[in-house]
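All remarks here apply to the structure that follows.
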Amino acid sequence: MALPGRRLLMALLVALLGATLVPLSPATASVSGSAPGTAPGTAAGEGRFAGTARLPGCSGAVVRWASALDDDPAVVLTNAHCVRYPFLGARDVLVDVKQFKPIELLGGRGDIAMTVRGTSLRYASMYRTDLAVYELRETYADLAAGGVTPIALSATGPSRGDAIRIPSGYWTEQRTCTTTGTAYRVHEREWDWWRSIRLPALDGCRIRGGYSGSPIVSQSTGEVVGIANTGYIGGRRCIDSACEENRRGTVRMVRDMNYGQQTWWLNTCIGADRRFDLSVAGCKLAEPGER
Numbered sequence: 005m006a007l008p009g010r011r012l013l014m015a016l017l018v019a020l021l022g023a024t025l026v027p028l029s030p031a032t033a034s035v036s037g038s039a040p041g042t043a044p045g046t047a048a049g050e051g052r053f054a055g056t057a058r059l060p061g062c063s064g065a066v067v068r069w070a071s072a073l074d075d076d077p078a079v080v081l082t083n084a085h086c087v088r089y090p091f092l093g094a095r096d097v098l099v100d101v102k103q104f105k106p107i108e109l110l111g112g113r114g115d116i117a118m119t120v121r122g123t124s125l126r127y128a129s130m131y132r133t134d135l136a137v138y139e140l141r142e143t144y145a146d147l148a149a150g151g152v153t154p155i156a157l158s159a160t161g162p163s164r165g166d167a168i169r170i171p172s173g174y175w176t177e178q179r180t181c182t183t184t185g186t187a188y189r190v191h192e193r194e195w196d197w198w199r200s201i202r203l204p205a206l207d208g209c210r211i212r213g214g215y216s217g218s219p220i221v222s223q224s225t226g227e228v229v230g231i232a233n234t235g236y237i238g239g240r241r242c243i244d245s246a247c248e249e250n251r252r253g254t255v256r257m258v259r260d261m262n263y264g265q266q267t268w269w270l271n272t273c274i275g276a277d278r279r280f281d282l283s284v285a286g287c288k289l290a291e292p293g294e295r
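Heads up, the sequence shown is in our numbering, so the first residue is 5 and it goes up one at a time.
Below, the structure is given as structure tokens:
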């Protein structure tokens, strides 16, 4: 990816890692959301960071779809832009790639419960949704024995007015806000994301670098309804910051707006063996070579 200067490269990296206007150090970060302890939508005693993960430079979450069994390999979701640099291209799709990724799995209070390695990158694409699926060697039963509780993956995305929380495993801090619906399209440089979830910074979702891959969790159901990935940092429209396009083709950059991507599409790609499979009829995720 050729950029004209170092400053623009850093701006893009910060934007894609979910930055906000005023990045803070871990020691001075202000945390919005509920008081320490049990987060809304989380089972009593589990804590707000149960099921979250820390990857190099990014966040993630151990998720479980409805059909998964205890003996199935566990999976971790994060952003596709977290899997490599240079970033994936506008239509690149990776499927079943051997990639060893160090991942720390957190307990409810933000402590490291287990350190594992993603052994297979089952899927990664920045087309339509910025999503990567790492399969672990460990099963859900193994994680449970280590004190790790997965988060259920919702079959639907959030609606306008839904209360959500965004726990970051990278920072062990949380943001909460109310979504203002979805954008028809969100563009950033060459990437194109569909039905992106609006996360208003001034309402509490002022995310920053390191929040990339953080689960967007419904406060009412406790299920993952999306994944945080980018936002407004100023600069050039659609280049230094993401911009929205409506159904009429009007493009605008929205100040103080961050975005998350849809994760429910993953549920449409689960095969009879309970494993991720792009060949499942009705799978909504992009396939290799799709244009």
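By construction, the Cβ of each residue, glycine as well, lies at the ideal position given by its N, Cα and C atoms. Just so it is clear, the structure is predicted and the values come from calculations on it, not from any experiment.
Item, Value
"C-alpha gap between T272 and G286, whole angstroms", "6 Å"
"Residues that F280 bridges to, as DSSP identifies them", "I274"
"S172 and A187 closer than 7 Å at C-beta", "no"
"Where A145 sits in the DSSP three-state scheme", "helix"
"Limits of the unbroken beta strand (DSSP E) element including G165", "No beta strand (DSSP E) holds G165; DSSP gives it neither H nor E."
"Nearest-angstrom Cβ-Cβ length linking L309 and L109, presumed shorter than 8 Å", "Missing from the structure shown is residue 309; the chain here goes from 5 to 295 and no further."
"Of the listed residues C181, Y127, Y263, nearest to E248 (C-alpha basis)", "Y263"
"Collapsed DSSP secondary structure at C242 in the structure displayed", "coil"
"Collapsed DSSP secondary structure at L206 in the structure displayed", "helix"
"CA-to-CA distance, Y127 to L282, given in whole angstroms", "9 Å"
"Coil, strand or helix - A117 by DSSP", "strand"
"W69 in three-state terms, based on DSSP", "coil"
"Residue burial classification, R256 (beta-carbon count within 10 angstroms, cutoff 16)", "exposed"
"Neighbourhood of G150 by C-beta, 6 Å cutoff - its chain only, sequence neighbours within 5 removed", "A117, M118"
"Pair within 7 Å by beta-carbon distance, E192 and A246", "yes"
"Rounded C-alpha distance that separates Y215 from L81", "13 Å"
"Under the three-state DSSP convention, the category A84 falls into", "helix"
"Cβ neighbour criterion (16 or more within 10 Å) applied to G165", "exposed"
"R202 to G161 span [Cα, whole Å]", "12 Å"
"Assigned secondary structure, W268 (DSSP; H/G/I helix, E/B strand, else coil)", "helix"
"L73 versus G64 - alpha carbon distance", "21 Å"
"Inter-residue spacing [alpha-carbon to alpha-carbon] between I306 and T180", "As displayed, the chain neither begins before 5 nor continues past 295, which places residue 306 out of reach and without an answer."
"As assigned by DSSP and simplified to three states, the class of M130", "coil"
"Counted within 10 angstroms of its Cβ, other Cβ atoms place G293 as buried (16 or more) or exposed", "exposed"
"Reduced DSSP secondary structure (H/G/I, E/B, other) of P296", "Because residue 296 is not part of the residues shown, which for the chain are 5 to 295, the question remains open."
"Nearest-angstrom Cα separation, counted from L125 out to Y131", "16 Å"
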